[in-house]
Amino acid sequence: MTRSVFRFLSRQSDMPELHGERHMLRLPRFRDFEPWHQLRRESRAFLQPWEPTWRADELTERAFRQRVLRNEQEFHSGLAVPFFLFDREENTLLGGLTVGLIRRGAAQSCMIGYWMGERHSRQGHMFAALQLAIPYIFGPLELHRIEAACIPDNVNSLRLLEKTGFEREGLLRDYLKINGEWRDHLLFSRIGAPKARNGKTSS
């Protein structure tokens, strides 16, 4: 492990919770199964065009519990921070946002992905989630670069990334197998402010 990973793990004894005026991001817990199951089940047709093919046991409680355990392992290993997004006022699960593929060393970067329940879409919730996640990535996680990959015809996701300050870098051909087909993706990135050796932002 690099020294930066040790610094990260030393501050991560507790599960992170990011709070905004209306929204909260936190790691999934076992008790989230029922709202997660309901939201994913009713949003299946809405989500499947943008996700890998769902397994036969995708929505089972056993699979969900395994996912929660794997999420915690990835977090404590410094590999990923898989958040659920909640409406704080109503304590309602809205979707999810994952800070994944965390790379240390010379890269200091990550890849983000997200999903939103159909009945909560196009209401600004994921924009708010990114406003919480981005400072966390550049702050406590001490990363320098955030990447995001988006299917070219996913217009809503393209607009969201552009609205939150991501810049388009290029095309990733046959990048991910989505809904049973290898799909091209557009690569977006957002770069953190450069730091001088004394920790201050350089000019």
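Read in full-length UniProt numbering, the sequence shown has 158 at position 158, and its numbers run on one by one without any break. All C-beta atoms in this analysis are idealised placements derived from N, C-alpha and C, irrespective of residue type, glycine included.
- In the three-state reduction of the DSSP assignment, Leu-132 falls in the helix class, which pools H, G and I.
- Closest by C-alpha distance to Arg-22, out of Ala-129, Gly-96, Glu-72, is Ala-129.
- Annotated three-state conformation of Phe-166 is coil, per DSSP.
- Residue environment for Arg-183: buried (at least 16 other C-beta atoms within 10 angstroms of its C-beta).
- In the three-state DSSP reduction, Ile-137 falls in the helix class (H, G or I).
- DSSP places Leu-85 inside the beta strand (DSSP E), whose first and last residues are 81-87.
- In the structure shown, His-19 falls within a strand segment according to DSSP collapsed to helix, strand and coil.
- Per the coordinates, the alpha-carbon of Arg-168 lies some 7 Å from the alpha-carbon of Leu-186.
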